[in-house]
Each structure stands twice: as C-alpha cells, then as structure tokens.
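Structure record follows, encoded as structure tokens.
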Amino acid sequence: MRNIIEVAKVIRSKNSGPYELTFDIMFKTHEDFKMFKDKKIINKEMFAELYKIPVEDILGIIWFEPAHAVKITIKRPMSSGALGETDIYGAQQHAPLFNIKF
Amino acid sequence: MSGNNEFRVLSPTAILGYGFPDASFKRGVEKKPHLIAVDAGSTDPGPYYLGAGKSFTDRAFVKQDLSRMVVAGVKNKIPVVVGTAGGSGGTEHFKWCYEILKEIAAENKLSFKVGTISSVVSKDTVKKALKDGKIAPLTYVPELTEQDIDDATEIVAQIGVATMQEALKAGCDVVLAGRAYDPACFAALPIMKGFDPGLALHMGKILECAAIAATPGSGADCAMGTLTKDSFILEALSDDRVFTTESAAAHTLYEKSDPYHLPGPGGEIDLTACSFKDIGNGRVEVKGSKFVPAKKYTVKLEGAKLIGYRTISIAGTKDPIMISKIDKVLEQVKQRVNLISNDPYLADGLIFHVYGKNGVMGALEPVKEITSHELCVVIEAVAPTQDKANSLCSLARSTMLHYGYEGRVSTAGNLAFPFSPSDITVGKVFEFAVYHIMEIDSEKSIFNYKIETFKDGELV
Chain L
550 MRNIIEVAKV IRSKNSGPYE LTFDIMFKTH EDFKMFKDKK IINKEMFAEL
600 YKIPVEDILG IIWFEPAHAV KITIKRPMSS GALGETDIYG AQQHAPLFNI
650 KF
Chain C
12 MSGNNEFRVL SPTAILGYGF PDASFKRGVE KKPHLIAVDA GSTDPGPYYL
62 GAGKSFTDRA FVKQDLSRMV VAGVKNKIPV VVGTAGGSGG TEHFKWCYEI
112 LKEIAAENKL SFKVGTISSV VSKDTVKKAL KDGKIAPLTY VPELTEQDID
162 DATEIVAQIG VATMQEALKA GCDVVLAGRA YDPACFAALP IMKGFDPGLA
212 LHMGKILECA AIAATPGSGA DCAMGTLTKD SFILEALSDD RVFTTESAAA
262 HTLYEKSDPY HLPGPGGEID LTACSFKDIG NGRVEVKGSK FVPAKKYTVK
312 LEGAKLIGYR TISIAGTKDP IMISKIDKVL EQVKQRVNLI SNDPYLADGL
362 IFHVYGKNGV MGALEPVKEI TSHELCVVIE AVAPTQDKAN SLCSLARSTM
412 LHYGYEGRVS TAGNLAFPFS PSDITVGKVF EFAVYHIMEI DSEKSIFNYK
462 IETFKDGELV
C-alpha cells in the first residue's frame, strides 16, 4: 500500500462560502490523477468513513483535469463563526486526508 | 472594440490592505494598464465584521495600498475600481473606506471624479421579495424568514458589472463600491469596451486574488491580466514568481464547490471548455471560458445577526490524570456551573475548546484518543450581555481551576494560566443570518451610483 502523500502535491481544505467546506487534492502527475479518477479511489463512501459523516452531507466530488485535481465539498458542521466554531476559514480540516492509502 | 485589441488589468493585491511591493506595482504601471482594480473584501473572516460594521483589514495598510493605487491611477489617467469597501461593504465599512479615500485625495491634492455605489438593500425590499417568492437559500442554508431579515444588522447585496459600468460611463476616474461580486471590479470596464464577458469575468476571478494564483503564490504581490479577443494572459510582476498552467487552473478550484461552473450576478462562468497554455516567460494563456446568462437575474444577499457577547479564558493542563478523564471533568464542571449560577440557561453558551484533543476539528475530528502530554483549554462564554458573559466565564474558570475530580492528586489547581488577567472580554458575537439569492429585474432596481468630484484634494 502507498500513501497519498507520495502522489499528491496539494492537500487542503477551505470554506466555499460560510456554509460549505471544500477539500482539494492535486496530484503531481497526470498519470496518478487519471489512476485515482479511473479507479474511483476517492468516493463518497470512503470520504464519509474518513470523516465519520453521513454520505448525504457530501455535496459532490468533482474531478478537474486542468489542475489534475479532485474536489470534495461537504456541508459545514455549522455556518462559519456560529456558536461552537473551531475553524472560521475551514483551512485546517484536511489532515484526515493524509490517511488515504491506495 | 474601441480601437484596442487588448485590455490590460493590474491587480496589485488580493485584498486591499494586504500590501504589495513597490517594485511589482511600478512594473505593472509601466506596462500601461487600462485599469487598476482590487477587491477589498470577503466573508471568510466570519460574520463578525459584517455584523459589527468593522473592517478585518488594518486602516494604515488599507490607506497605504489605496493611496498608491489612486495616486498612480489619477496621475496616469488609469481608472481605479475598488469593490467590497471596508471588507464587507456595509454602511460603516463603506464610510470607513471613503474617509480613507478623502484623506488620500487631500494629502496628495488630487483632482478626480469618484463614483460611489452602495450595496445596502433595505429590509423592506428584501421582505417584499421574500413574500413574492423571489428569494432562495444557497446550498445548506436554511430558508429565509422575516425574523432573519429583522435580526440582521443590515443586508448587503453583491454588486455586479452593470452599476460599475454606469459609473465608468459617466466618466468616473475612481469607483468605490460596497459589497461586490469579486470579479466585477476587474471585468466591468473591459466588458463595457466590448471584450468577451466569460473571459473578462474568469480573468477577474483569478486576478481578484492577485498573485495567489501564481507560483509560489502570494496575496501580497501584484499580477497582470491581458484580455484579447479570444483569450486572456496572466503574468506575475516580480521575479519571485511565475504563472504556470497548473497554478492558474488550480486557482479555479479555490474556495469554490464546482470548478467548472462559477455562479455570479446574472449568470455563471462556464469553464467546461476552458484551456490553459504555457506561452513562456512565466505567462499563461487561458481560452474557452464562457459566460452563460441565467434565465432570471439574481444577486447574492448577505447579513449577520447579533447572538450575544463573548468572554474567553485560556489555560493549559499537563496533569496526566486530568488529561485521561478530560471529557468527564468538563462535563462535571459544566454541571457545577449550572448549579451555582442563578442563570442556569447560561451554561448553553459555555463551550470548552480543547487543543490537543479536538480543538481544531471539533465534531469532525476522527481521532478519539488523546496522545498529547498537555492540553490547552479555551473557555468560551457567550451570553446575552457582556456582564453575563464575564460572570459565566469567571465562574467556569474558577470552577475548573479548583474542581475536585475523581482521582485527583494535584490539589493546588487544575489549570496553568499564561496571563493575568486570565479572562478576556471579546465583545459582540454574530452569526450569518442571510446568505441567499434574490431575483431582481436588473441591477438598477436595487443599486445606484453617486458621483462626487475632488479638486486639488477638496470635495467640490
């Protein structure tokens, strides 16, 4: 098994507006991007399991070839800045993605 | 295309007040741009700034950035367009930014015409639209209610290209807009001159973050975009960075849920046929971006409401016994606070942020086991008045400091405080209350512009 860190050059999270959280994984090469896409290594069930969230909270997974990237967007646990907030910008929610093995 | 076959836009900085190097800006101005534009705002720093009428950027740096832009623009007869004045574009934000502009005009004895566009929409207008079924929530946003409209401190709508174009057509040298659709400041003038709206808006979408889309990215450095008939070219303005096909394409993903379809006022940018090409010298050419007008013209509304007042206290613990039962200790502290307080409901506003456990991810944290040898606990108290928040925080802090949890060995105190005073009064707390789209006939029905003239630095 290999770790995603070997093939990804960017792994990040950020708000997409105050009600959504979006994750980007950009691959180093077109080949790795294509392999991940073709084998659907990143999919809703796998992501839901990684973050322990219901599959319904995943808005979508979009593969974006021009940047060799995959984008996963989910429902924010609360609107940005609401009571109980831990990460206003949503910029530090990405670390569980480092556990992706393939 | 008014005799010009290209249109150059200089974007000095990602957000007014983030700064930019003089050398990059000078290099940009030497390329004789047709427009200098900047977007000054974002909802990213959270609901406080919109609700409280405060800027999230520093006044001195905003003045420094704006001054360099306006002085260069007026001197070289290059229009300057600023969107989302004061960070959120509300009444107070706009006034704040306009005051800065007045100081700049006076200090430099500048003569120019400024077009000001307010983005504040009256609550009556929004209520009527709600009744007429012309308001829809964005994804994951609850349906709007009359109560939300009443609760919002004020409501701003995102200005698109149309009103900015009106102001520019009327001969304004500087346009200062309230809450604006980020790309609009960059795209209004070139679209008015006949350039393709899809390309102009996509270029604006990238330039609004200045050199963030270059590599290595920076929000505090300049970038230039050149529109042609069927493409646009991106270039960095310092030797420290370049644009690559990947950096430009990757930026399209940033803070967006779908990189192929970017919705905005009146329609969306469709990037399904978009291509990025390296044309050498750190430049990237982008083709194929299209603007698809929507069937109904909509604008995005934003509003925040006051939910209380906050006081916090920061402390640490490295007692292994306490760390091993931290969840239970916090739950019991909460119960004690409830018991002692005369306002039992207040404990609803008592939150413990535990760093070293799940302080960063909260409910999303998949790691349940604590492996840290020390924890930071931020006690957060939110209550209907500042006095009550202070009382709640004080009570929670003293209770936790001395709480005799089961198995305790260290009986002198459970917390290490780095500061005296230990409690910090934070002030008003806001939440987003409005984040919806509203259908309008045209921008004219909610926005208008005003022209004012400065002569030798004085308003005339």
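If you read the protein sequences in the order shown, they are chains L and C. Quick note on numbering: the working numbering labels position 19 of the first sequence as 568, and the sequence is numbered without any gaps. Quick note on numbering: the working numbering labels position 21 of the second sequence as 32, and the sequence is numbered without any gaps. Don't be surprised by glycine CBs; every beta carbon is placed ideally from N, CA and C.
- Task: Could you round the C-beta distance between L:GLY633 and C:PHE441 to whole angstroms and report it? I think they count as a contact, below 8 angstroms.
- Result: Contact check for L:GLY633 and C:PHE441: beta-carbon distance about 14 angstroms, past the 8 angstroms limit, so the pair fails to qualify.
- Going along chain C in order, which residues have a C-beta closer than 9 angstroms to the C-beta of L:ASN564? THR54, ASP55 and GLU266
- Task: Taking only beta carbons into account, state which residues of the stretch 381–407 of chain C come closer than 7 angstroms to chain L, listed in chain order.
- Result: Here the close residues are VAL393.
- Item | Residues within the stretch 358–381 of chain C neighbouring chain L, beta-carbon criterion of under 9 angstroms | ASP359, GLY360, ILE362, HIS364, ASN369, GLY370, VAL371, MET372, GLY373, ALA374, LEU375, GLU376, PRO377 and VAL378
- Message: Strictly below 7 angstroms CB to CB, what residues from chain L border C:VAL152?
- Response: TYR568
- Task: Show which residues of chain C have a CB atom less than 8 angstroms away from the CB atom of L:PHE613.
- Result: ALA260, THR263, LEU264, PRO270 and TYR271
- Message: Against chain L, does C:LEU187 count as a neighbour if the rule is that its beta carbon must be under 8 angstroms from one of theirs?
- Response: No, its Cβ sits nowhere closer than 8 angstroms to a Cβ of chain L.
- Query: For C:LYS301, which residues of its own chain have a beta-carbon under 6 angstroms away from its beta-carbon, when the five flanking residues on both sides are left out?
  - Reply: If the five residues before and after C:LYS301 are omitted, its C-beta is found closer than 6 angstroms to the C-beta atoms of GLY209 and ASP281, all from its own chain and listed in chain order.
- Whose Cβ in chain C lies nearer than 7 angstroms to the Cβ of L:ASP573? LEU264
- Query: Of all Cβ atoms in chain L, is any one closer than 8 angstroms to the Cβ of C:TYR59?
  - Reply: Contacts with chain L at 8 angstroms (Cβ-Cβ) include C:TYR59.
- Query: Do three or more CB pairs link the stretch 249–259 of chain C to the stretch 42–59 of chain C at distances below 8 angstroms?
  - Reply: Judged by Cβ distances under 8 angstroms, the stretch 249–259 of chain C makes no contact with the stretch 42–59 of chain C, as fewer than three pairs qualify.
- Message: What residue range does the beta strand (DSSP E) around C:VAL91 cover?
- Response: 91–94 is the extent of the beta strand (DSSP E) around C:VAL91.
- Task: Could you pull out every unbroken alpha helix (DSSP H) segment of at least 4 residues lying fully inside the stretch 178–239 of chain C, listed in chain order?
- Result: 195–203 and 208–218
- Task: Within 10 angstroms of the Cβ of L:ARG551, are there 16 or more other Cβ atoms? Answer buried if so, exposed if not.
- Result: Counting every other CB atom within 10 Å of its CB across the protein chains shown gives L:ARG551 a total below 16, marking it as exposed.
- Item | Closer than 8 angstroms to chain L by CB, C:CYS285 | yes
- Query: By the criterion of Cβ-Cβ separation under 8 angstroms, what are the contact partners of L:LYS650 in chain C?
  - Reply: Those within 8 angstroms of L:LYS650 in chain C number zero; the least Cβ separation is about 15 angstroms.
- Query: So, helix, strand or coil for C:MET12, using DSSP?
  - Reply: The predicted position of C:MET12 is uncertain, since its pLDDT is 45 and thus under 50; no value can be drawn from it.
- Which whole-angstrom value is the C-beta distance of C:TYR446 and L:TYR638, which I expect to be below 8 angstroms? Not confirmed; about 16 angstroms, so no contact.
- Query: Taking Cβ positions only, does C:TYR446 come closer than 8 angstroms to chain A?
  - Reply: Within the model displayed, chain A is absent; protein chains L and C are what it includes.
- chain L contact for C:GLU257 (CB, 8 angstroms cutoff): Cβ-Cβ to chain L under 8 angstroms: yes for C:GLU257.
- Item | C:LEU21 versus L:SER562: straight-line alpha-carbon distance, rounded | Rounded to whole angstroms, C:LEU21 to L:SER562 spans 29 angstroms at the Cα level.
- Message: Please return the same chain residues whose Cβ sits closer than 6 angstroms to the Cβ of L:LEU599, not counting the five positions on each side in sequence.
- Response: PRO645
- For C:ARG321, the residue or residues it bridges with in DSSP: C:VAL393 and C:GLY438
- Query: Can you check whether the CB of C:GLY39 is closer than 8 angstroms to the CB of C:PHE72?
  - Reply: no
- Query: Rounded to the nearest angstrom, how far is the Cβ of C:ILE170 from that of C:VAL137, given a contact under 8 angstroms?
  - Reply: 16 angstroms between Cβ atoms; not a contact.
- Taking DSSP as the reference, what is the three-state secondary structure of C:ARG38? The answer is helix: DSSP assigns C:ARG38 an H, G or I state.
- Interface partners of C:PHE441 on chain L, CB under 8 angstroms: GLY630
- Query: Quick one: is C:LEU470 buried, meaning 16 or more other Cβ sit within 10 Å of its Cβ, or exposed?
  - Reply: By the 10 Å Cβ count, C:LEU470 comes out exposed.
- Rounded straight-line distance, which links the Cα of C:SER130 to that of C:ILE457: 8 angstroms
- Query: Does the beta carbon of L:THR578 come closer than 8 angstroms to any beta carbon on chain C?
  - Reply: no
- Item | Span separating the alpha-carbon of C:GLU450 from that of C:CYS220 | 28 angstroms
- May I ask you to report which of helix, strand or coil DSSP gives C:GLU110? DSSP places C:GLU110 in helix when its eight states are reduced to three.
- Query: Alpha carbon to alpha carbon, what distance is there between C:LYS124 and C:GLU463?
  - Reply: The alpha-carbon atoms of C:GLU463 and C:LYS124 are separated by roughly 6 angstroms.
- Rounded to the nearest angstrom, how far is the Cβ of C:PHE465 from that of C:LEU121, given a contact under 8 angstroms? 6 angstroms
- Task: Return the CA-CA distance between C:ALA140 and C:GLY189, expressed in angstroms with no decimal places.
- Result: 21 angstroms
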